[in-house]
Structures are given as C-alpha cells and as structure tokens.
C-alpha cells in the first residue's frame with residue numbers, strides 16, 4: 001500500500017511516446033511541474049494532453065510544448081501562451097477547445113465510469129454543429145475540423161431545450177500536484193490548487209501525484225481528503241526547494257492605503273510597498 005516512489009524520474013519511467021495525459025492545474029496554480037520536467041527529461045513525444053490550458057511560455061506544460069513533445073491538446077482556452085497559439089495556427093499541434101465546465105465534467109465522468117452525458121452548454125453553437133478548427137494547414141487553411149455532435153431535446157427545469165452529447169475523457173496517465181498526501185495515495189489540495197487536479201487524477205488510468213508533504217495513513221481525516229487513494233497509483237515527495245517554486249502568472253501591486261506617492265526611503269518603491277500582497281498571492 002506504500003505508493004511512494006524515490007524520484008519523479010522513477011514515477012514516469014514507463015510513460016511511452018504517444019501516451020495521453022490528464023494534467024492538473026489552472027494557469028500556474030497547482031501545476032505538477034516536477035513530474036512534467038521528469039517527463040521532458042525522458043525525451044518522449046507525440047503526447048496527447050488534456051488540461052484546462054497548456055501552461056504558459058516557458059513553464060508548466062509550456063515546457064513540453066516548446067520542446068515539440070505534444071501532438072494534441074484538449075483544453076478550454078489557449079490563454080496568453082504565445083508558443084501554444086503559434087503552434088496551433090501553424091498546424092504543428094491539434095487543439096480541441098472545450099467549454100471549461102464541460103471539460104471538467106468530461107474528466108469527472110471518465111473517472112467514475114460514465115461514458116457520456118448531455119449538457120446544454122454549447123448546444124446550437126459550433127461546439128455542437130461542428131466546424132471548429134482542430135488543426136490548421138501551413139497555409140492557414142483548416143486541415144481538420146470538428147464533427148457535429150448529437151443533439152437531443154429534453155423537457156427539464158420547466159422548459160424544453162436541446163442538449164448536446166459530450167463524451168467522457170479517460171487517459172493513460174494522470175499528473176497532479178497536491179499539498180499533502182499519505183502513503184496510501186489520499187490527497188489534500190491547497191485552496192485554488194484544487195482546480196482541475198482531482199478531476200485529472202480521477203481520469204487517469206495510472207495517476208502520479210507529486211506532494212509537498214508526505215504523512216502517514218490516518219493523519220488526514222476523511223473530511224480533509226479531496227482525492228481518495230483509490231485514484232492514485234504513485235506518489236513523489238518534493239524537496240523544499242521544489243515545493244517552493246511557485247511563480248506568479250500576473251503580478252499586480254498597489255500602494256498601501258495612506259502611503260505617500262513618493263517613496264519614504266530612497267530606493268523603496270510603491271511596488272515594494274505592495275510586496276506583502278504578492279507574497280499573499282503565493
């Protein structure tokens with residue numbers, strides 16, 4: 001029942017080229033960066049990634065993307081990842097954009113054995129009607145477009161409307177980042193890092209979790225467990241240095257209320273005055 005691995009490299013050693021991965025995180029919050037870098041070091045490519053987004057330029061899944069290791073992405077948005085946008089528009093990577101809530105439910109459904117479900121989200125749009133570009137050609141034309149999805153009317157919630165059939169997602173592996181885990185694989189996520197992590201962990205047939213802190217079984221109470229160990233197969237315990245790498249995607253600062261517009265001390269700026277807000281955002 002002890003699911004700990006000595007290193008992230010050991011935990012990802014059997015992930016082959018062409019594997020599908022469900023990866024937790026939202027922007028830079030809760031990203032399993034150590035596991036991603038171990039996979040990058042292995043040199044495997046042709047990967048299919050399912051995640052809320054594909055990281056940012058130079059960090060998270062953006063590192064795998066920049067190295068040309070990702071073939072296909074299922075995500076809810078491209079965001080401000082310029083390399084992701086460049087590869088998509090240049091025909092280097094296939095992208096299936098999915099409404100965020102639908103993506104979350106598709107992962108959850110895959111984790112609990114529900115093959116498909118109906119949702120009103122996207123009905124009557126390109127999501128259901130098809131034609132969304134999945135892959136572009138080098139000349140900018142659409143090389144591959146999405147197919148129409150099944151629509152069905154339901155009388156629900158006091159009205160009749162059409163719902164679109166969405167299929168569940170399950171992947172070969174799940175990669176997640178948790179604050180605390182026990183040796184049986186039970187995980188607790190910290191605040192907003194909970195995001196897509198439990199869902200990615202549920203959807204992976206083999207799930208690898210990197211954790212900031214390892215505790216013994218029984219330390220985590222039932223109400224403290226956000227993802228049961230039944231979904232987790234491998235644990236990697238991060239070093240303090242690895243756990244502390246928590247970059248901020250967008251840094252915004254403001255002067256403290258009542259502070260002078262001019263620095264009170266030479267070299268002390270308004271940005272520094274708001275440093276405590278930045279630290280709080282971590």
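Numbering (full-length UniProt numbering), first residue to last: 1 to 282. All residues carry an ideal CB built from backbone N, CA and C; glycine is no exception.
6 Å CB neighbourhood of residue i in its chain, flanking five on each side removed
{"i": "residue 55", "result": "61 and 62"}
{"i": "residue 212", "result": "179, 238 and 243"}
{"i": "residue 138", "result": "91"}
{"i": "residue 190", "result": "179"}
{"i": "residue 198", "result": "226 and 227"}
{"i": "residue 287", "result": "Here the chain has residues from 1 to 282 only, and residue 287 is not among them."}
{"i": "residue 153", "result": "160 and 162"}
{"i": "residue 1", "result": "184"}
{"i": "residue 72", "result": "48 and 94"}
{"i": "residue 11", "result": "5, 208, 234 and 236"}
{"i": "residue 103", "result": "76"}
Contact set for residue i: own chain, Cβ-Cβ below 7 Å, skip 5 residues either direction
{"i": "residue 221", "result": "none"}
{"i": "residue 232", "result": "3, 185, 187, 201, 207 and 209"}
{"i": "residue 228", "result": "186"}
{"i": "residue 109", "result": "117 and 168"}
{"i": "residue 336", "result": "As displayed, the chain neither begins before 1 nor continues past 282, which places residue 336 out of reach and without an answer."}
{"i": "residue 215", "result": "180 and 182"}
{"i": "residue 219", "result": "182"}
beta-carbon residue i near the ligand FMN non-hydrogen atom, thresh 6 Å
{"i": "residue 207", "result": "Among the components of this structure there are no ligands whatsoever, and the ligand FMN is therefore not found."}
Nonlocal neighbours in the same chain, by C-beta distance under 8 Å from residue i, ignoring five residues either side
{"i": "residue 164", "result": "118, 119, 120, 121, 122, 123, 127, 128, 149, 150 and 151"}
{"i": "residue 66", "result": "57, 58 and 83"}
{"i": "residue 100", "result": "52, 76 and 77"}
{"i": "residue 194", "result": "30 and 226"}
{"i": "residue 136", "result": "88, 89, 90, 91, 142 and 143"}
Identified DSSP bridge partners for residue i
{"i": "residue 133", "result": "145"}
{"i": "residue 95", "result": "73"}
{"i": "residue 116", "result": "167"}
{"i": "residue 154", "result": "161"}
{"i": "residue 56", "result": "59"}
Contact belief for residue i with residue j at Cβ below 8 Å, rounded distance in angstroms
{"i": "residue 188", "j": "residue 179", "result": "6 Å"}
{"i": "residue 173", "j": "residue 38", "result": "Wrong, their Cβ atoms sit about 12 Å apart, outside the cutoff."}
{"i": "residue 90", "j": "residue 51", "result": "Going by Cβ atoms, the distance from residue 90 to residue 51 rounds to 20 Å, so no, they are not a contact pair."}
{"i": "residue 21", "j": "residue 175", "result": "6 Å"}
{"i": "residue 85", "j": "residue 41", "result": "Not confirmed; about 26 Å, so no contact."}
{"i": "residue 23", "j": "residue 44", "result": "About 14 Å; that fails the 8 Å criterion."}
Cβ neighbour criterion (16 or more within 10 Å) applied to residue i
{"i": "residue 46", "result": "exposed"}
{"i": "residue 58", "result": "exposed"}
{"i": "residue 182", "result": "buried"}
{"i": "residue 68", "result": "exposed"}
{"i": "residue 192", "result": "exposed"}
{"i": "residue 27", "result": "buried"}
{"i": "residue 354", "result": "Residue 354 is absent from the structure shown; the chain starts at 1 and stops at 282."}
{"i": "residue 162", "result": "exposed"}
{"i": "residue 17", "result": "exposed"}
{"i": "residue 13", "result": "exposed"}
{"i": "residue 6", "result": "exposed"}
{"i": "residue 204", "result": "buried"}
{"i": "residue 29", "result": "buried"}
{"i": "residue 156", "result": "exposed"}
{"i": "residue 141", "result": "exposed"}
{"i": "residue 286", "result": "This structure leaves residue 286 out entirely; the chain is present only between 1 and 282."}
{"i": "residue 131", "result": "exposed"}
{"i": "residue 283", "result": "Since the first and last residues shown for the chain are 1 and 282, residue 283 lies out of range."}
{"i": "residue 112", "result": "exposed"}
{"i": "residue 166", "result": "buried"}
{"i": "residue 32", "result": "buried"}
Extract the residue ranges of the beta strand (DSSP E) inside the segment 165–240, only unbroken runs of 3 or more that lie entirely within it. 171–182, 204–215 and 234–237
Starting from the N-terminal side, write out each stretch of the alpha helix (DSSP H) that is 4 residues or longer and does not extend beyond the segment 1–50. 8–11 and 33–42
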